[in-house]
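*Asks:* To start, I am sharing the structure in question, which I have written as structure tokens.
Residue numbers (my numbering): 1 to 551.
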């Protein structure tokens with residue numbers, strides 16, 4: 001701005017500002033680049049990505065949110081799509097790639113409308129209305145599922161893992177995930193809630209995936225503190241101590257003056273007596289197994305071993321809480337206050353050697369409210385991917401139990417929603433009608449991408465899919481194995497309704513937010529790169545094989 005030829009600097013020197021159509025195009029380009037990065041991993045035929053960070057650490061995965069977290073994204077609009085993936089992962093546990101490619105596709109379609117001089121606000125309004133209608137239709141086409149229906153829940157888990165590298169062993173892992181969720185689900189008036197913190201996942205390198213197992217109890221990644229202790233305690237009485245079985249150091253500086261050997265002997269004897277009294281208190285409570293969150297003195301270890309008490313020290317706080325839930329024991333902060341009422345029970349406590357490490361297994365607890373999953377795999381990278389797959393499976397089974405509703409995948413739900421939105425568009429009228437139609441086309445990116453990743457002709461598949469849904473076959477989806485359109489209900493491609501619902505909500509929110517930006521003001525340091533793509537290493541990554549995606 002010039003006044004009397006004197007420039008007035010409103011913004012700091014070096015600030016970059018991009019306005020109007022250029023700013024919007026730049027943001028949309030960045031969002032599309034992020035979507036393209038993960039697109040190729042959607043579905044059972046999707047491929048994995050290898051991500052190498054600045055330290056040289058390698059991650060091999062096709063989990064959408066993992067890929068986007070590992071990528072060093074700089075562009076602010078691209079970061080919004082990374083947030084979409086994170087939100088999807090937190091809320092539904094799966095469908096992260098679907099949510100991201102749907103957001104990217106909504107923006108791509110919006111760009112077409114903007115070129116036809118339709119205002120971004122009109123597009124945003126149309127997208128909001130379309131998303132609302134899509135959620136109504138999705139809810140209407142869902143089917144009920146109950147916690148005592150293990151077959152359907154297993155199919156939900158299998159669908160989630162069908163796109164992973166563990167898909168060959170998915171039936172066995174799905175079975176573990178369903179049993180784990182059934183064990184920790186809490187019933188209340190309106191249904192069930194599942195706290196996944198009650199499920200512990202322990203990874204140990206070595207062995208095969210088939211060696212993985214569910215323990216109805218807790219695995220503590222620690223060994224007994226003394227070789228003289230029993231390695232196996234049946235019908236154990238378990239004490240949980242948040243206190244050290246050690247002599248406390250004084251909290252203030254103190255000096256002890258010893259003038260003759262008998263005084264030294266008396267001092268050492270008193271230390272020994274104090275430790276003896278602690279161990280006696282443990283024995284008096286009836287406990288024959290002790291899990292201690294803090295340290296255990298060498299002499300105390302000896303006394304415990306003499307009494308035949310199994311003891312473990314420096315147990316993590318989270319493991320202590322799981323032990324309390326599984327065994328019914330109370331965590332005691334003072335050894336002197338340990339009583340028989342604080343003691344928990346289980347069926348068996350034993351030390352087992354898994355690979356090179358010795359672990360303590362606490363199993364057979366009645367009504368165990370905490371369970372553990374021991375995962376085995378040949379290499380560290382394989383184990384990490386198995387853990388990500390198991391985490392997704394646990395999440396989808398948990399939300400299916402909580403919501404009590406499932407829909408069918410393979411692009412079936414997405415195509416059914418697209419068909420309904422096209423029919424609805426004619427009733428909307430005005431320019432919002434075009435946004436409705438574009439929303440429907442964006443939803444079809446799910447079956448289209450599934451077909452592309454399977455090496456099929458996406459146009460032929462889409463035409464066949466549309467025809468099938470027009471004929472009332474609302475469960476028709478893409479069978480990536482046969483290359484044809486098949487009934488997903490018959491093929492048991494099932495996913496929780498929350499995966500699709502959250503993907504639609506998150507993608508719409510992100511797309512609308514980006515569409516409403518017409519001015520980007522970047523300070524000199526750390527502004528978006530001029531080209532507008534996502535920065536950093538790595539490339540695409542993605543997600544699974546259901547309709548609203550398994551990431």
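Where is the CB? At the ideal position from N, CA and C, for every residue including glycine.
In this text the structure is predicted, and so the values were computed from the model without any measurement.
Tell me the rounded alpha-carbon separation between residue 380 and residue 98.
*Replies:* C-alpha separation (whole angstroms): 27 angstroms.
*Asks:* Touch check for the segment 395-408 and the segment 489-498: three-plus C-beta pairs under 8 angstroms?
*Replies:* Short answer: they touch.
*Asks:* First and last residue of the beta strand (DSSP E) that includes residue 557?
*Replies:* Since the displayed the chain opens at 1 and closes at 551, residue 557 lies outside it and no answer follows.
*Asks:* Just the Cα atoms here: how many angstroms apart are residue 19 and residue 196?
*Replies:* Cα to Cα, the separation comes out at about 46 angstroms.
*Asks:* May I have the straight-line CA-CA distance separating residue 157 from residue 179, to the nearest angstrom?
*Replies:* The alpha-carbon atoms of residue 157 and residue 179 are separated by roughly 11 angstroms.
*Asks:* Under 8 angstroms, with one C-beta from each stretch per pair, do the segment 423-431 and the segment 469-485 reach the 3-pair mark?
*Replies:* The segment 423-431 is not in contact with the segment 469-485.
*Asks:* Quick check: residue 596 and residue 285, are their CB atoms within less than 8 angstroms of each other?
*Replies:* The structure shown has nothing for residue 596, since the chain only spans 1 to 551.
*Asks:* On the premise that residue 464 lies in contact with residue 485, defined as a C-beta separation below 8 angstroms, what is that separation, rounded to the nearest angstrom?
*Replies:* Residue 485 to residue 464, Cβ: 5 angstroms. Contact.
*Asks:* Once you ignore the five residues that flank residue 343 on each side, which residues in its own chain have a CB closer than 8 angstroms to its CB?
*Replies:* 237, 238, 239, 285, 286, 287, 329.
*Asks:* Determine the direct distance from the alpha carbon of residue 184 to that of residue 226, and round the result to whole angstroms.
*Replies:* About 33 angstroms.
*Asks:* Please give me, in chain order, every unbroken run of the beta strand (DSSP E) with length at least 3 that falls completely inside the segment 328-359.
*Replies:* List check, beta strand (DSSP E) in window: 348-354.
*Asks:* List, from N- to C-terminal side, the beta strand (DSSP E) runs of 3 residues or more that fit wholly inside the segment 97-141.
*Replies:* The qualifying runs do not exist here; there are none.
*Asks:* Can you pull the DSSP bridge partners for residue 144?
*Replies:* Residue 144 is bridged to 405.
*Asks:* What separation, rounded to the nearest whole angstrom, lies between the Cα atoms of residue 167 and residue 500?
*Replies:* So the alpha carbons of these two residues sit roughly 22 angstroms apart.
*Asks:* Measure the C-alpha to C-alpha separation of residue 155 and residue 492 and round it to an integer number of angstroms.
*Replies:* Rounded to whole angstroms, residue 155 to residue 492 spans 6 angstroms at the Cα level.
*Asks:* Tell me whether residue 40 is buried or exposed, calling it buried when 16 or more other Cβ atoms sit within 10 Å of its Cβ.
*Replies:* Residue 40 comes out buried.
*Asks:* Measuring only the C-alpha atoms, how far is residue 333 from residue 242?
*Replies:* Distance between the alpha carbons of residue 333 and residue 242: 5 angstroms.
*Asks:* For the alpha helix (DSSP H) containing residue 433, name the first residue and the last one.
*Replies:* Where residue 433 is concerned, the enclosing alpha helix (DSSP H) stretches over 432-443.
*Asks:* Based on the DSSP secondary-structure assignment, which residues constitute the bridge partners of residue 311?
*Replies:* Its beta-bridge partners are 290.
*Asks:* Using the C-alpha atoms, what's the distance from residue 175 back to residue 138?
*Replies:* Taking the straight line from one Cα to the other gives about 27 angstroms.
*Asks:* Report the residue ranges of all beta strand (DSSP E) runs contained in full by the segment 187-261; include only those spanning at least 3 residues, in chain order.
*Replies:* With a minimum length of 3 residues, the continuous beta strand (DSSP E) runs that stay inside the segment 187-261 are 191-193, 199-205, 213-215, 217-220, 232-234, 237-241.
*Asks:* Could you spell out the range, first to last residue, of the alpha helix (DSSP H) harbouring residue 159?
*Replies:* First-last of the alpha helix (DSSP H) with residue 159: 150-161.
*Asks:* What is the DSSP secondary structure of residue 531, counted as helix, strand or coil?
*Replies:* Reliability fails at residue 531, whose pLDDT of 46 lies under 50, so the model's placement of it is uncertain and no value is given.
*Asks:* Can you name, in chain order, every residue of its own chain whose Cβ lies under 7 angstroms from the Cβ of residue 530, other than the five neighbours on each side?
*Replies:* Confidence at residue 530 is low in this model, with a pLDDT of 45, below 50, so the placement of that residue should be treated as unreliable; the coordinate-derived value is given next. Closer than 7 angstroms at the Cβ level, and outside the excluded window around residue 530, lies no residue.
*Asks:* Thinking C-beta only, is residue 518 closer than 8 angstroms to residue 23?
*Replies:* A contact, by the Cβ cut-off of 8 angstroms.
*Asks:* Nearest-angstrom Cα distance between residue 12 and residue 71?
*Replies:* Spanning the two alpha carbons is a distance of roughly 30 angstroms.
*Asks:* Are residue 389 and residue 161 close, meaning C-beta to C-beta below 8 angstroms?
*Replies:* In this structure, residue 161 lies closer than 8 angstroms to residue 389 by Cβ.
*Asks:* Spell out a yes or no on whether the segment 199-209 and the segment 300-317 are touching, meaning 3 or more CB-CB pairs, one atom from each, closer than 8 angstroms.
*Replies:* Verdict: no, contact absent.
*Asks:* Whole angstroms are fine: how far does the CA of residue 83 sit from the CA of residue 67?
*Replies:* In a straight line, the C-alpha of residue 67 is about 12 angstroms away from that of residue 83.
*Asks:* Which residue's Cα is closest to the Cα of residue 327: 357, 290, 299, 308?
*Replies:* For residue 327, the nearest C-alpha among the options comes from 290.
*Asks:* Which word fits residue 62, buried or exposed, when buried means at least 16 other C-beta atoms lie within 10 angstroms of its C-beta?
*Replies:* Residue 62 is buried by the Cβ-count criterion.
*Asks:* Could you pull out every unbroken beta strand (DSSP E) segment of at least 3 residues lying fully inside the segment 443-484, listed in chain order?
*Replies:* If we require 3 residues or more, the beta strand (DSSP E) runs fully inside the segment 443-484 come out as 476-479.
*Asks:* Who are the Cβ neighbours of residue 393 in its own chain at under 7 angstroms, not counting the five residues just before and after it?
*Replies:* For residue 393, where only same-chain residues beyond five positions count, the Cβ hits under 7 angstroms are 157, 160, 161, 173, 174, 177.
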